[in-house]
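> This is the structure I have questions about; it appears just below.
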Ligand code: UD1
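Numbering (our numbering), first residue to last: 68 to 408.
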């Protein structure tokens with residue numbers, strides 16, 4: 068079966084292409100290479116001994132997209148990653164985010180509703196819950212007003228898909244609300260490639276340990292948590308990638324109960340920033356240089372997933388530990404440093 072992966076050369080996209088090819092799906096990748104490179108295609112090929120069909124295409128280019136679907140009527144499922152994801156950049160340039168994340172999604176859906184039977188897996192985020200009043204966070208927790216345009220594109224993206232599924236019976240969708248994806252493929256062939264200074268914790272940690280950054284700033288140690296630092300649910304990117312395959316198979320085998328379903332994708336385990344630092348030191352054998360600084364505006368205190376729905380309904384469970392994810396992230400960082408010399 069042929070599966071289309073948009074943004075298939077990005078961090079989560081590329082790992083999902085590997086997970087699909089591991090299960091013998093034929094994969095077609097669309098990517099505009101705005102935040103990825105063709106080297107990722109090589110990495111995927113090295114891991115799976117298969118090169119996915121690749122199209123350099125920007126989803127905002129309506130006519131090229133129309134042309135693509137005219138030539139690819141045999142696609143059985145779509146996993147849609149292509150989007151911008153930097154919170155700070157979205158505050159500075161909201162229109163880029165609304166165009167890239169929402170106009171592009173609309174164009175994609177316009178093509179899908181014209182096909183006989185179609186399905187889409189949407190890349191959403193736990194950011195839709197904001198500061199949840201109950202932990203762990205279940206799918207029935209209220210969606211709170213987004214604090215950034217990026218977060219808003221995830222909320223509105225879900226609404227656009229849900230409204231479209233309600234209007235067109237031939238379209239089914241699953242939205243996966245990711246917690247914090249980290250790590251990389253254990254072969255070191257693909258991994259996270261942050262542009263410039265990483266905003267996310269784990270790439271900042273590995274870049275500090277390798278000597279690219281002087282020290283990690285821990286944003287705040289006065290939160291109402293066990294050690295005062297924020298709590299998140301860090302999930303290995305391969306576990307997350309496999310959740311996409313399971314979600315797609317749920318729709319393709321007509322197991323969905325509603326045309327639009329939502330699942331949290333996390334481990335269910337909350338770890339504080341300082342616990343992640345300790346776990347990294349254990350996994351890598353390195354001492355990490357860090358200092359406590361003030362809080363980062365916009366950070367929620369704690370977010371970790373209630374995984375019951377994903378475990379029981381989707382039949383998926385994260386298998387890899389935090390240490391394993393951090394070890395893979397560290398090996399990836401070292402392999403990148405080696406490649407640079
Ligand atoms: C962030 C985004 C979220 C997005 C997700 C994608 C914000 C406010 N949220 O989530 O919308 O979906 O990335 O992966 O930007 N930390 C430090 N020092 C650092 C970096 C982070 O102490 O240099 C702390 C943060 O304060 C936070 C934790 O580490 O408590 C995780 O941060 P991060 O990796 O940026 O993820 P989120 O903020 O959860």
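Just so it is clear, CB atoms sit at the ideal spot from N, CA and C, and this is done for glycine as well.
#1: Taking the alpha-carbon positions, what's the residue 83 to residue 372 distance?
#2: State the DSSP-derived secondary structure class of residue 437, mapped to helix, strand or coil.
#3: Taking all protein chains shown into account, do 16 or more other C-beta atoms lie within 10 angstroms of the C-beta of residue 394, making it buried, or fewer, making it exposed?
#4: Of all the options 88, 174, 261 and 114, which has the alpha carbon lying nearest to the alpha carbon of residue 124?
#5: For the putative contact between residue 296 and residue 355, defined by C-beta atoms under 8 angstroms, what is the C-beta separation to the nearest angstrom?
#6: Tell me whether residue 134 is buried or exposed, calling it buried when 16 or more other Cβ atoms sit within 10 Å of its Cβ.
#7: Measuring only from the beta carbon, is residue 341 closer than 7 angstroms to any heavy atom that is part of the ligand UD1?
#8: Can you give, in chain order, each stretch of the beta strand (DSSP E) that sits fully within the segment 220-283 and has at least 3 residues?
#9: Check whether the Cβ of residue 183 sits closer than 7 angstroms to any heavy atom of the ligand UD1, and report yes or no.
#10: For residue 305, tell me which candidate among 375, 270, 384 and 360 has the shortest Cα-Cα distance.
#11: Any heavy atom of the ligand MG within a distance shorter than 7 angstroms of the CB on residue 152?
#12: Looking only at C-alpha atoms, which of 248, 264 and 266 sits nearest to residue 258?
#13: Counting only the same chain and skipping the five closest in sequence on each side, list residues whose C-beta sits under 6 angstroms from that of residue 311.
#14: Based on Cα-Cα distance, which residue from 100, 243 and 120 lies nearest to residue 374?
#15: Leaving aside the five residues before and after residue 80 along the sequence, list all residues of the same chain whose C-beta is less than 7 angstroms from its C-beta, in chain order.
#16: Report buried or exposed for residue 103, applying the criterion of at least 16 other Cβ atoms within 10 angstroms of its Cβ.
#17: Does the distance from the CB of residue 204 to the CB of residue 331 come in under 8 angstroms?
#18: Does the pairing of the segment 198-214 with the segment 275-291 give three or more beta-carbon distances under 8 angstroms?
#19: In the DSSP assignment, what are the bridge partners of residue 363?
#20: Just list the alpha helix (DSSP H) runs in the segment 119-178, keeping only unbroken ones of 4 residues or longer that don't cross its boundaries, in chain order.
#21: Spatial neighbours of residue 365 within its chain, please: C-beta separation below 8 angstroms, excluding the five flanking residues on both sides.
#22: Opposite residue 312 in the DSSP bridges: which residues?
#23: What distance in whole Å lies between the Cβ atoms of residue 262 and residue 400, which are believed to be in contact at a cut-off of 8 angstroms?
#24: Quick check: does the Cβ of residue 329 come within less than 7 angstroms of any heavy atom belonging to the ligand UD1?
#25: Report all residues from its chain with a CB closer than 6 angstroms to the CB of residue 334; omit the five preceding and five following residues, and keep chain order.
#26: Do residue 196 and residue 208 have their beta-carbon atoms positioned less than 8 angstroms apart in this structure?
#27: Report whether the distance from the Cβ of residue 289 to the nearest heavy atom of the ligand UD1 is below 7 angstroms.
#28: So, are the CB atoms of residue 226 and residue 191 less than 8 angstroms apart?
#29: Using the Cβ count rule (16 or more neighbours within 10 Å means buried), how would you classify residue 351?
#30: Measure the alpha-carbon distance for residue 111 versus residue 150 and round it to whole angstroms.
#31: Thinking C-beta only, is residue 142 closer than 8 angstroms to residue 95?
This is what the structure gives:
#1: As a position in the chain shown, residue 83 is number 16, starting the count at 1. As a position in the chain shown, residue 372 is number 305, starting the count at 1. Each residue's Cα considered, the two are about 21 angstroms apart.
#2: Within the shown structure, residues of the chain are numbered from 68 to 408, placing residue 437 beyond reach of any answer.
#3: Here residue 394 refers to the residue found at position 327 of the chain shown. It counts as buried.
#4: By 1-based counting over the chain shown, the position of residue 124 is 57. Its Cα nearest to that of residue 124, the residue 174 stands out among 88, 174, 261 and 114.
#5: By one-based count along the chain shown, residue 296 stands at place 229. By one-based count along the chain shown, residue 355 stands at place 288. In this structure residue 296 is not in contact with residue 355, their Cβ atoms being roughly 14 angstroms apart against a cut-off of 8 angstroms.
#6: In the chain shown, the residue the question calls residue 134 occupies position 67. Per the 10 Å Cβ criterion, exposed.
#7: The count along the chain shown starts at 1 and reaches residue 341 at position 274. Not a single heavy atom of the ligand UD1 lies less than 7 angstroms from the C-beta of residue 341.
#8: Here the runs fully enclosed are 238-245 and 247-249.
#9: To locate residue 183, count along the chain shown from 1; it is residue 116. Relative to the ligand UD1, residue 183 has its C-beta separated by 7 angstroms or more from all heavy atoms.
#10: Reading the chain shown from its first residue, position 238 is the one you call residue 305. Checking every option, the nearest Cα to that of residue 305 belongs to 384.
#11: For the ligand MG, the structure offers nothing, since it holds only the ligand UD1.
#12: Locating residue 258 in the chain shown gives position 191, where the first residue counts as 1. Shortest Cα-Cα distance from residue 258 to any of 248, 264 and 266 involves 248.
#13: For the purposes of this step, residue 311 is identified with residue 244 of the chain shown, where counting begins at 1. Within the same chain, and ignoring the five residues on either side of residue 311 in sequence, the residues whose Cβ sits closer than 6 angstroms to its Cβ are 83, 146 and 188.
#14: Here the question's residue 374 lines up with position 307 in the chain shown. Considering only alpha carbons, the answer is 243.
#15: Translated into positions along the chain shown, residue 80 becomes position 13. Around residue 80: 72, 74 and 148.
#16: Along the chain shown, read from residue 1 onward, the residue named residue 103 stands at position 36. It counts as buried.
#17: Start at 1 with the first residue of the chain shown, and residue 204 comes out as number 137. Start at 1 with the first residue of the chain shown, and residue 331 comes out as number 264. The Cβ-Cβ distance between residue 204 and residue 331 falls below 8 angstroms.
#18: No, the segment 198-214 is not in contact with the segment 275-291.
#19: As a working mapping, residue 363 is identified with position 296 in the chain shown. Answer is none; residue 363 lacks a bridge partner.
#20: For the segment 119-178, whole alpha helix (DSSP H) runs of length 4 or above, ordered along the chain, are 129-138, 154-159 and 161-164.
#21: For this step, residue 365 is matched to residue 298 along the chain shown. If we look at residue 365 and ignore the five residues flanking it on each side, its Cβ neighbours are 154, 214 and 215.
#22: On the chain shown, position 245 is the one that residue 312 refers to. According to DSSP, residue 312 bridges with nothing at all.
#23: Along the chain shown, one-based indexing puts residue 400 at 333. Along the chain shown, one-based indexing puts residue 262 at 195. Actually they are not in contact, since the Cβ atoms of residue 400 and residue 262 sit about 15 angstroms apart, beyond 8 angstroms.
#24: Here residue 329 is taken as the residue at index 262 of the chain shown, counted from 1. Checking the 7 angstroms criterion, the Cβ of residue 329 is out of range of every heavy atom belonging to the ligand UD1.
#25: Here residue 334 corresponds to residue number 267 of the chain shown, with the count starting at 1. In the same chain as residue 334, and ignoring 5 residues on each side of it, the C-beta atoms closer than 6 angstroms to its own belong to 300, 302 and 385, in chain order.
#26: For the purposes of this step, residue 208 is identified with residue 141 of the chain shown, where counting begins at 1. For the purposes of this step, residue 196 is identified with residue 129 of the chain shown, where counting begins at 1. At the C-beta level, residue 208 and residue 196 come within 8 angstroms of one another.
#27: Numbered from its first residue, the chain shown carries residue 289 at position 222. Checking every heavy atom of the ligand UD1 against the Cβ of residue 289, none is found closer than 7 angstroms.
#28: Along the chain shown, read from residue 1 onward, the residue named residue 226 stands at position 159. Along the chain shown, read from residue 1 onward, the residue named residue 191 stands at position 124. No.
#29: The residue given as residue 351 occupies position 284 in the chain shown. So residue 351 counts as buried.
#30: In the chain shown, the residue the question calls residue 111 occupies position 44. In the chain shown, the residue the question calls residue 150 occupies position 83. Their Cα atoms are separated by approximately 20 angstroms.
#31: One-based indexing of the chain shown puts residue 95 at position 28. One-based indexing of the chain shown puts residue 142 at position 75. Against a cut-off of 8 angstroms, the Cβ pair of residue 142 and residue 95 comes out as a contact.
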